[in-house]
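Here is the structure we will look at, set down as C-alpha cells.
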Amino acid sequence: MPIYRVQLKQGRRTITNQVEAKSVADCLAFFNELTTMKVSEILKIEYSDDTQSPIDDFGYWAVFKGIIKTNANMSHQIVLNNVKLNKNEGDIALSCRNHLEVGGFNVTSIVTGLFKRS
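Numbering (full-length UniProt numbering), first residue to last: 1 to 118.
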C-alpha cells in the first residue's frame, strides 16, 4: 500500500502524520472520521531514505536563491539549502533545465542567482 504524508491543521497548530492507506480518498476519509483537525494536504511518498543523515561539517553554501525562467516568459523562484561548494550557478542552471518545469514549460535559464554562506 502507498504511504502518504498528511498535514492536519486546527487553530495555530499544524501536525504532520504519515500513514499507509489504500488511496488518497481512503486517507482523507480516515482522518475526517476520527479527528476534528482539518486535512490541509496529502502527499504520496514516492521515495524515502531512513538511513542516518550525514554529519554537519558546514561544507556547503547555506542557501542559493534564484529565478528560473522559461521561453514562455514564465518564472519561478527556487530556493536550495546546503548546496555543495563545488556547484556554481551554471551547474544549478543545467540541473534546473534537465529536471524542472515551470507551468508545464521547460526551464531555459536562471535569470539571477545568489549564494549565501552561513
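Ideal placement from N, C-alpha and C gives every residue a C-beta, glycine not left out.
Asked, Found
"Counting beta carbon pairs with one atom in the region 13 to 26 and one in the region 54 to 63, are three or more of them shorter than 8 Å?", "no"
"From the DSSP output, which residues share a beta bridge with Ile3?", "Glu20, Ile45"
"If we define contact as Cβ-Cβ less than 8 Å, is Pro54 a contact residue for chain B?", "Judged by its chain identifiers, the structure shown contains no chain B, having just a single protein chain."
"Expressed to the nearest angstrom, what Euclidean distance is found between the alpha-carbon atoms of Asp56 and Arg13?", "29 Å"
"How big is the Cα-Cα spacing for Asp50 and Val19?", "16 Å"
"So, under 8 Å CB-CB, Ile3 and Ile45 are touching, yes? Tell me the CB distance rounded to an integer number of Å.", "4 Å"
"Just how far apart, CA to CA, sit Asn73 and Val102?", "10 Å"
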